[in-house]
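Peer 1: Numbering (UniProt numbering), first residue to last: 1 to 295.
Where is the CB? At the ideal position from N, CA and C, for every residue including glycine.
Below is one structure. I have some questions about it.
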Amino acid sequence: MTVTLDRPRTGGSPVVQRRRQSWRSTLYWIATHSLGLALGIMFTLPVILVLLTSFMASDQAMTSSFWPESWHFENFGEVFERAPMLTYMINSLLYSLLATLGILVSAVPAAYALAKLKWRGQTWAFMLVVVAMMLPPQVTIVPLFDLWVRMGLTGTLAPLIVPYFLFDAFSIFLLRQFFLTIPKDYLDAARIDGCSEFRVLTRVVVPMAKPGIAAAAMFCFLFTWNDYFGPLLYTAENRDSWTLSLAIASFRGMHHVEWNLTMAATVLTMAPAIVLFVFAQKSFVKGITFTGVKG
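See the structure below:
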């Protein structure tokens, strides 16, 4: 009598097993990233809608149709014909770049003094920075506006740029938290070699804090690039000093039925900020991640 033993089933051929494993990995990835995918779609849809509307005809914009019946690339050229967008773009670049330079000049030394130096009143100074960061800008806007009026600088970009060279509470707080993550041994070694505090800051701290500085600079650039309240308050009387954010609101008022042109101008405004974030996102994310490591 011969007994035949059945071989254990292996679940199919290796090709089928690889397909099942790949499908399971895909389902696992979707399950673990479902919240991120949902948020990504939610934040991306308005941008896509703005982009599609910018290519529509005037009578199709802001209707129930989401896809352009015909693509009108000339909308972007017409935006420059209707308004001096190049001048507004230069003003926005001046405002954002100079303000970003201002926070680097003023906030980096202040954050270094709060994070790495010991001096009387340091705790109270840091508390003052925190209070200033939490203080609504509307509380101080009236006396500041009166100050700039007395100096005769309203209608220019100076009231928007100069304050960043003096004090920016959020940038100081952000950089101070990042500087705390830098080991003190590096600073002590530089001091033993005879470096002054200025050289310690510029030769040791700044190179090691590039991600944090990049994050602070990007925060400042994006805020000033999208700022509407400040330009409306200080430059509304002089159209030659308008920024893109203020120009778009006025453009929409002048051509309120031509939403396709308004969306085209919006796309031109969003493009530099999106490009900047794409190229600097690694430093930005790294700087934000390390900022909260030590307090």
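With DSSP as the reference, label residue 71 as helix, strand or coil.
Peer 2: Residue 71: coil per DSSP, three-state reduction.
Peer 1: Can you tell me which of 171, 86 and 51 puts its alpha carbon nearest to the alpha carbon of residue 73?
Peer 2: Minimum Cα distance to residue 73 is reached at 51.
Peer 1: With DSSP collapsed to three states, give me the class of residue 240.
Peer 2: The answer is helix: DSSP assigns residue 240 an H, G or I state.
Peer 1: On a CA-only basis, which of 227, 215 and 264 is nearest residue 279? Give me that one, please.
Peer 2: Out of 227, 215 and 264, 215 has the C-alpha closest to the C-alpha of residue 279.
Peer 1: Just tell me which of 218, 45 and 88 has its CA closest to the CA of residue 265.
Peer 2: With distances taken between Cα atoms, residue 265 lies closest to 88.
Peer 1: Do residue 212 and residue 261 have their CB atoms nearer than 7 angstroms?
Peer 2: Not in contact: residue 212 and residue 261 (Cβ atoms no closer than 7 angstroms).
Peer 1: Return helix, strand or coil for residue 55, following the three-state DSSP convention.
Peer 2: DSSP places residue 55 in coil when its eight states are reduced to three.
Peer 1: Look up residue 95 in the DSSP assignment and say whether it is helix, strand or coil.
Peer 2: Of the three classes helix, strand and coil, the one that applies to residue 95 here is helix, per DSSP.
Peer 1: From residue 169 to residue 66, what does the alpha carbon distance come to, in whole angstroms?
Peer 2: Roughly 43 angstroms between the two C-alpha positions.
Peer 1: Counting C-beta neighbours from all protein chains within 10 Å, is the total for residue 32 16 or more, i.e. buried, or is it exposed?
Peer 2: Burial call: exposed.
Peer 1: Assign residue 44 to one of three DSSP states: helix, strand, or coil.
Peer 2: Three-state result, residue 44: helix.
Peer 1: Ignore the nearest five residues each way along the sequence and tell me which others in residue 7's own chain have a CB closer than 6 angstroms to its CB.
Peer 2: Note that residue 7 scores 49 on pLDDT, short of 50, meaning its location in the model is unreliable; the coordinates nonetheless yield the value given after this. Excluding residues within five positions, none has a Cβ falling inside 6 angstroms.
Peer 1: Taking all protein chains shown into account, decide if residue 38 is buried (16 or more other Cβ within 10 angstroms of its Cβ) or exposed.
Peer 2: Classification for residue 38: exposed.
Peer 1: Taking 6 angstroms as the limit between beta carbons, can you name the residues of its chain near residue 255, skipping five residues before and five after?
Peer 2: Low confidence applies here, because residue 255 scores a pLDDT of 48, under 50, leaving its location unreliable and the question unanswered by this model.
Peer 1: Here's a check: name, in chain order, each residue in its chain whose Cβ is nearer than 7 angstroms to the Cβ of residue 179, leaving out the five neighbours to either side.
Peer 2: For residue 179, where only same-chain residues beyond five positions count, the Cβ hits under 7 angstroms are 111, 112, 115, 116, 205 and 209.
Peer 1: Reducing DSSP to helix, strand and coil, say where residue 196 ends up.
Peer 2: It is coil, neither helix nor strand.
Peer 1: Should residue 173 be labelled buried (16 or more other beta-carbon atoms within 10 Å of its own) or exposed?
Peer 2: It counts as buried.
Peer 1: So for residue 305, helix, strand or coil by DSSP?
Peer 2: The structure shown does not extend to residue 305, since the chain is modelled only from 1 through 295, so no value can be given for it.
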